[in-house]
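Residue numbers (the UniProt record's numbering): 1 to 146.
The beta-carbon is built from N, C-alpha and C at its ideal position, and this holds for glycine as well.
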């Protein structure tokens, strides 16, 4: 499906061939990493849910349960002991980043943690650490965080 258009499918995530080594993720702000990570997580969750045969309305409700700030904050808190020192640095920088808006249904701490989770995903995606990215995504999806 994606062959020939500069993309490949790897474990449920579409990887752009022009990302590998051509974009310095370390030069991006934590919020820019979170911007990418938000889409990575949303696409992953939607991809995992779409095969269930449920109606789109129900798929949306279930997806929101994964991608809302409180859920992402809980995922990150459970994942923290399993993170490498490099990943902890990304998370810490993103958690401390100044955000301009907070969604009305999230408290400030949840939002900072969810931003940090998204930044971690964005960093892993943009640095081509696809095996680790998929490991974290599957842990989050399966809620296998103990």
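Is the beta carbon of residue j closer than 8 Å to that of residue i?
i	j	result
residue 63	residue 114	no
residue 79	residue 116	no
residue 127	residue 25	yes
residue 41	residue 118	yes
residue 123	residue 48	no
residue 120	residue 91	yes
Assuming residue i contacts residue j under a Cβ cut-off of 8 Å, what Cβ separation, rounded to an integer in Å, is found between them?
i	j	result
residue 125	residue 36	6 Å
residue 34	residue 94	6 Å
residue 106	residue 70	7 Å
According to DSSP, simplified to helix, strand and coil, what is residue i?
i	result
residue 140	helix
residue 129	coil
residue 45	helix
residue 135	helix
residue 71	helix
residue 102	coil
residue 28	coil
residue 122	helix
Could you give the residue range of the alpha helix (DSSP H) that holds residue i?
i	result
residue 93	85-95
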